[in-house]
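Numbers 346 to 1067, taken from the numbering used here, label the letters of the sequence shown in order. C-beta atoms are modelled at their ideal positions from N, C-alpha and C, and glycine is treated no differently. Here the structure is a predicted model, which means the values were calculated and not measured.
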Amino acid sequence: MTALWFGHLSGEDKVAVKPHSSPVYHAIKYLTGELDASYLTRLRQFGGLQAYPSRTKDPDVADFSTGSVGLGVVAPLFAAAARRFVESHFGPSDRVGSRFIALAGDAELDEGNVWEAITDPALRGLGNVMWVVDTNRQSLDRVIPGQKIKKLMEFFEGAGWHVVEAKYGRLLQEAFSRPGGNLLRRHIDDMSNEEYQSLFAHSGAELRRRFLNGAGTELAEFLDGWNDDQLGPLLQNLGGHDLRTLVDCFRRCDEVCDRPSVVFAYTVKGWGLPMAGDPSNHAALLSTPQVTEFRESLGLTTANEWDRFDPDTPEGRMCATVGGELNNVAPVPRPSLPVPESVGGLVAAKPVSTQETFGRLLVRLGEVPELLERMVTTSPDVSVSTNLGGWINKFGVFDPEEPQDFLGEGRILRWKQTATGHHIELGISEMNLFLMLHALGLGHELHDRHLVPIGTVYDPFVCRGLDALVYALYNDARFIMVGTPAGVTLAPEGGAHQSSITPSIGLELPGLDYSEPAFARALDWLLCDGVDRLSRRDGNSLYLRLSTRPIDQSAFIECEERLGTSLLRDHVLRGGYRLREPDDGRARLVLATCGPVVPEVIEAARALGDEGVSTLVLDLTSSDRLYREWRTGLRDASRIARRHIDDFHLATLLRPEERRLPIVTVHDAASHHLAWLGGVFGTRVVPVGVDSFGQSGSIHDLYGAFDLRSEQIVNAALVAVN
Ligand SMILES: Cc1ncc(C[n+]2csc(CCOP(=O)(O)OP(=O)(O)O)c2C)c(N)n1
Ligand SMILES: [Mg+2]
């Protein structure tokens, strides 16, 4: 990091720092003037410095967060891809080009998402990317057995990367160049990681004895050229501790412009400390005498150990220059965009699914030029089956190399790849999907361009990319994700593709609004509002859970006539509306539902009315927004010790006399998701939903298996009212 910050970086570069280097990162930020001294003693404290570099929580602005290993490593790679998209669409920045750099731990390369990223064609050819792998052969628990750095290097080469090795420092390189030096080199190269690491606990004659174990007399004689005090520093002189070697390696990477680079920088964990290289050093702390000795060895005292360098010294001047050039400025707000309340153009006459509607709406949104220039879709090989076909036909696929289209025009789906296309196609990796949305969703901060990123994914596979989704939200990236098809309603596609727990993921994750509309116009309003919220300071990302089941729109049209467009839109956006009034005006029961099971619920309400159980139907377009508003009100009331006021939306939806009515919740998702509704006013709930794994079948078969048919809903209602 010293070599990077003080010998290589420029102000435009974007850097991810591996989790365990957080203290070093903050130390640099302090020395270069960005961080106040008061923070130095507050690592891991509440309101202090985060354990791992954090874009959103640390006082010194990091380009990327790290912590969940593997994700921070690839974040700069995706950011470079986002930059390529931005520059292809908006023209090259007039500033010096950025380099996108990651400092990675070697054990981070165990994470599969690293390999998913480096092999994806959408991330090819990014010559402004450099990873530096801190090759200390240690993970948390151990010295990594049989770690074959050479193999890892071959993997990178196979993926088209430029690979550099900083294995030996200049002391060792000089020793190798002496006559007989090749013996020393071979002996170190042949030694296992565990044996090499075990040497660091020793010095002097004992170190010599152990190092020469199994070596011939020739090597012993060769090493006589170094006395016992010189031997330890020689054997630990790895490339990653040699600043000049490192800066040379970094420069070599700059010269390769057509592909990303990776530098394997060999190091000793805990270098320079008594615990250096000790397999259990990860959780080790220096004892007080060791700290004292270390402090003294640096010529410091307790009175001046936290001081910055004197500004009038060469070190002080260097820190000031580096800080002035490199330190980040606080982010600016995202610009607001001219987003309409609805894009319209929907034909209400025939049943239509939310997935199909989404495809149509997107094309119409793209007809607004101020939006189109910022819109970018992405999908992990499910563009067509999530209904992005129309969008792709009209606005094209992004590929800066503009490969020839051998199949030509005239097909139903054109796949025209140009440097101005608006869709980024990914291989089948949901991790890559969310990491790409993360990179695009930080466009305003990392690339000075606020983007409107929209990703589609089969709903069950949201879970496959979940950690990357959490990462993106933690970093306040803004995007729209569409999970479709969803639930058991995708019926014949089978149990492996049916999703049930995703609504709760959507509800419980901060920074993301989950919404599951049933009707086309509701989706239109939600999508437009979602695009608008991406720019708002208090805004968030949007998760639309959509279905392939065509739904008759007449109930919604009646509702709009009854409530008026403006009120209905307001209710849809706040999380729910009264879809069907009770037959005789006095409800005995509430049916609360959302998504594609709405027709069964309406039918059940009708049947219940006929039986004398007058029923109110609520369509909960966003259980997430409903829940959060209620919960936030309770939290605020408890914080200032006052009564909770009934001004949350659910209290608007349910009249005072309706609040104690039993509720049947009906959802094509785990029944638990809506069961909280009973807790709001303290009433009985019968939750109906999908609580076991499904299988292939028709919608009728599967709804029957999960009690989602109208007559089964009626039975659940009778349990609730009796
Ligand atoms: C996804 C995930 N799993 C587990 C952890 C716990 N963890 C933190 S760092 C680490 C390994 C560190 O090894 P390496 O990347 O080589 O870093 P080093 O400390 O050697 O620099 C582990 C397992 C984590 N942070 N993230
Ligand atoms: Mg390591």
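Item to check | Simplified DSSP state of W476, which is helix, strand or coil | outcome: strand
Checklist entry - Which parts of the region 502-583 are runs of the beta strand (DSSP E), unbroken and 3 residues or longer, counting only runs that do not cross its ends? => result 507-511
Next on the checklist: What I want to know is whether the C-beta of P1068 ends up closer than 7 angstroms to one or more non-hydrogen atoms of ligand 1.
Outcome noted: In the structure as shown, the chain starts at 346 and stops at 1067, and residue 1068 therefore has no counterpart that could be examined.
Checklist entry - Residues in its own chain within less than 7 angstroms of R1005 by CB, not counting five upstream and five downstream? => result F1026, T1028
Next on the checklist: Tell me the residue span of the beta strand (DSSP E) that contains S849.
Outcome noted: First-last for S849: 847-853, but that is the alpha helix (DSSP H), not the beta strand (DSSP E).
Next on the checklist: Assuming contact is defined by CB atoms lying nearer than 8 angstroms, are L717 and N738 in contact in what I supplied?
Outcome noted: no
Checklist entry - Where C904 and Y922 are concerned, what is the direct C-alpha to C-alpha distance, given to the nearest angstrom? => result 9 angstroms
Item to check | Quiz: which residues have CB nearer than 5 angstroms to ligand 2 non-hydrogen atoms | outcome: G450, D451, A452, N481, Q483
Next on the checklist: For a test of the three-state rule: what should DSSP assign to D969, helix, strand or coil?
Outcome noted: helix
Next on the checklist: Which complete beta strand (DSSP E) runs does the region 910-967 hold, if anything under 3 residues is left out?
Outcome noted: 922-925, 934-938, 960-964
Checklist entry - Between which two residues does the beta strand (DSSP E) carrying V441 extend? => result No beta strand (DSSP E) holds V441; DSSP gives it neither H nor E.
Next on the checklist: Quick check on the burial criterion: 16 or more other C-beta atoms within 10 angstroms. Buried or exposed for F423?
Outcome noted: buried
Checklist entry - Which one of P855, D574, G875 has the shortest CA to CA distance from L706? => result G875
Next on the checklist: I'd like the span of the beta strand (DSSP E) that includes M663, first residue to last.
Outcome noted: First-last for M663: 659-671, but that is the alpha helix (DSSP H), not the beta strand (DSSP E).
Checklist entry - Is the beta carbon of P364 within less than 7 angstroms of some heavy atom of ligand 1? => result yes
Item to check | Member of R976, V613, W350, A1061 whose CA lies at the smallest distance from the CA of T666 | outcome: W350
Checklist entry - How many Å lie between V636 and V414 at the Cα? => result 29 angstroms
Checklist entry - Cβ of K614 within 7 angstroms of any heavy atom in ligand 1? => result yes
Next on the checklist: Quick check on DSSP: helix, strand or coil for L385?
Outcome noted: coil
Item to check | In chain order, each beta strand (DSSP E) run of at least 3 residues that lies wholly inside the region 718-804 | outcome: 720-725, 768-771, 797-802
Item to check | C-beta atoms of G766 and R823 nearer than 8 angstroms | outcome: no
Item to check | Proximity below 8 angstroms, CB of A1073 to CB of A420 | outcome: Residue numbering for the chain in the displayed model covers 346 to 1067; residue 1073 lies beyond these limits and cannot be assessed.
Item to check | Endpoints, beta strand (DSSP E) assigned at A610 | outcome: 606-611
Checklist entry - Under 8 angstroms between the Cβ atoms of E461 and S774? => result yes
Checklist entry - Beta carbon of R866, beta carbon of L691: below 8 angstroms? => result yes
Item to check | Short Cβ contact (8 angstroms threshold) for M475 with C598 | outcome: yes
Checklist entry - E357 and G417 look like a contact to me (Cβ under 8 angstroms); what is the Cβ gap, rounded to whole Å? => result 20 angstroms between Cβ atoms; not a contact.
Item to check | Chain-order list of residues whose beta-carbon lies under 8 angstroms from that of F501 (same chain, five-residue window excluded) | outcome: I463, V508, V607
Next on the checklist: Just verifying my parser: in three-state terms, what is the DSSP assignment at V362?
Outcome noted: strand
Next on the checklist: I'd like to know if the region 577-592 and the region 512-524 are in contact, where contact means that at least 3 CB-CB pairs between them fall below 8 angstroms.
Outcome noted: yes
Item to check | Selection from V729, V815, H353 that minimises the alpha carbon distance to Y803 | outcome: V729
Next on the checklist: Could you check whether F864 and A813 sit closer than 8 angstroms to each other, using their CB atoms as the reference points?
Outcome noted: no
Next on the checklist: So D479 and G526 are supposed to be a Cβ contact under 8 angstroms. How far apart are they, rounded?
Outcome noted: Actually they are not in contact, since the Cβ atoms of D479 and G526 sit about 26 angstroms apart, beyond 8 angstroms.
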